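Reading through the structure tokens given below for one structure.
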Amino acid sequence: MKIFIGNLSYNVTEGDLRQAFEAFGKVTSTSIVKDQESGRSKGFGFAEMPDKAEARSAIAALNGQAF
627 MKIFIGNLSY NVTEGDLRQA FEAFGKVTST SIVKDQESGR SKGFGFAEMP DKAEARSAIA
687 ALNGQAF
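Residue numbers for the sequence shown, in the working numbering: 627 to 693.
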């Protein structure tokens, strides 16, 4: 399941996302969308988790939390 993660601080890294979501299960990939010109984060990204139950658990726990 691919999970959209919005409203991220510009300082959050893909490693930070992976660490947060791995607390709930296996993470296949993480990515932060960046501006092509500046390379700066656009403030959103994605995490992919193969198990839907683990993904839903992560969503429920992390929704509204600050990184």
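Ideal Cβ placement from N, Cα and C applies to all residues, glycine included.
Quantities reported herein were computed from a predicted structural model and do not represent experimental measurements.
Burial state of residue i, where buried means 16 or more other Cβ atoms lie within 10 Å
i	result
F630	exposed
V659	exposed
F671	Checking the sequence, you will find Gly at residue 671 rather than Phe. Classification of G671: buried, given that the 10 Å Cβ count is 16 or more.
T654	exposed
A649	exposed
A646	buried
G673	With the sequence shown as reference, residue 673 is identified as Ala, and Gly is not the correct amino acid for it. Buried, since its Cβ has 16 or more Cβ neighbours within 10 Å.
Terminal residues of the beta strand (DSSP E) in which residue i lies
i	result
S683	Note, S683: premise wrong, no beta strand (DSSP E); alpha helix (DSSP H) at K678 to L688.
G632	That residue, G632, is in no beta strand (DSSP E); it is neither H nor E in DSSP.
G669	S667 to E674
Cβ-Cβ distance between residue i and residue j below 7 angstroms
i	j	result
A687	M627	no
Host alpha helix (DSSP H) of residue i (start-end)
i	result
G641	E640 to E648
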